[in-house]
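What follows is a set of notes on a single structure, which appears directly below.
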Amino acid sequence: MRASLLQLLLGAVLAISCSVQSINRDPPDCGNCTRLRAEEIPLQRVIIDNVDYDIGDLTDWKYFRVPQPGTVKVTVALDNPDAELVVLVHDGEGAELARLERRAEPRLETEFSATTGLYYLEINAEAQGSDYTLEVQFEPQLVPEGIDSE
């Protein structure tokens, strides 16, 4: 009886330990599939990546830094016009600022006023997959002449 009680306790400890690990970990081959694993992208430069629903690569997370107040324009162009992608723009605290969904055109765009800080892009494949190009353009806010910006 002693051995079976010990085995039961050991089994319970292992079960709890395994379930805690799975809650706190991303899959090891997940890449940039969560906000915590987002990849930094430069402003004013085109990058190429892909998502593919059929193989389980459902989400890419990217982030960029806005150095000062200004206007941000996000452009995503899909290579596969049949792919269904949704792109969400989040501020540094996670609030959704824009939602872009592919309709008739394989090109998605949004423009917004931004303050200094981090911004995140969440690219989700909802059907099929596609390579995509992504560009974040930034235009600093102009300070009228004669006004001290400090």
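Heads up: the sequence shown begins at 65 in my numbering, then just goes up one per residue. Where is the CB? At the ideal position from N, CA and C, for every residue including glycine. Here the structure is a predicted model, which means the values were calculated and not measured.
Item, Value
"Within 8 Å, strictly: CB atoms of Y13 and Y184", "Shown here, the chain extends from 65 to 214; a query on residue 13 therefore has no answer."
"Boundaries of the beta strand (DSSP E) in which P145 is found, first to last residue", "Careful: P145 lies outside any beta strand (DSSP E) and carries neither H nor E."
"Three-state class that DSSP yields for R129 in the structure shown", "strand"
"For N188 and L142, believed in contact at Cβ under 8 Å, the rounded distance", "The pair is not a contact, with the Cβ atoms about 12 Å apart (cut-off 8 Å)."
"A191 versus T180 - alpha carbon distance", "35 Å"
"Beta carbon of F176 nearer than 8 Å to that of A162", "yes"
"Option nearest A147 by Cα separation, candidates P170, V136, L164", "P170"
"Exposed unless 16 or more other CB atoms sit within 10 angstroms - verdict on G193", "buried"
"D113 versus V151: straight-line alpha-carbon distance, rounded", "13 Å"
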